[in-house]
Amino acid sequence: MSSSPPDAAAGKLVDRLAIRFPRATREHIATTVAEEYESLSDSRIRTYIPNLVERAARSRLQHEVVRLLPAG
Numbered sequence: 077m078s079s080s081p082p083d084a085a086a087g088k089l090v091d092r093l094a095i096r097f098p099r100a101t102r103e104h105i106a107t108t109v110a111e112e113y114e115s116l117s118d119s120r121i122r123t124y125i126p127n128l129v130e131r132a133a134r135s136r137l138q139h140e141v142v143r144l145l146p147a148g
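With the first letter of the sequence shown counted as 1, position 30 gets the number 106 in the numbering used here; the numbers rise by one all the way through.
Next up, the structure:
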């Protein structure tokens, strides 16, 4: 099976995450989404991969954005 994300689904996910995380660059979000698809590329059950990718990417971005916020 191909490890690359379906283009339309990945594009829509990047759009949603870009709205939610405006401090992150679109390129960084796209890379994060691609990495999460790659991490699940060997999964036998593929039905939920888009949901799992979205959840994992959102979690990663949320942690990264929190680290970028100024302390105080």
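Note that the Cβ used here is the ideal one computed from N, Cα and C, for glycine as well.
Below 7 Å, is the gap between the Cβ of residue i and the nearest heavy atom of the ligand ATP?
i	result
P98	What this structure holds is no ligand at all, so the ligand ATP is not there to describe.
Buried or exposed for residue i, please, with buried defined as at least 16 other CB atoms from any protein chain shown within 10 angstroms of its CB.
i	result
T108	buried
I181	The structure shown does not extend to residue 181, since the chain spans only 77 to 148, so no value can be given for it.
A84	exposed
A133	buried
The alpha helix (DSSP H) that contains residue i, what's its start and end?
i	result
I105	102-115
Under a three-way DSSP split, which group does residue i fall into?
i	result
S135	helix
D83	helix
D91	helix
Give me, in chain order, the residues of the same chain whose beta-carbon lies closer than 7 Å to that of residue i; leave out the 5 immediate sequence neighbours on both sides.
i	result
E130	L89
L128	L116
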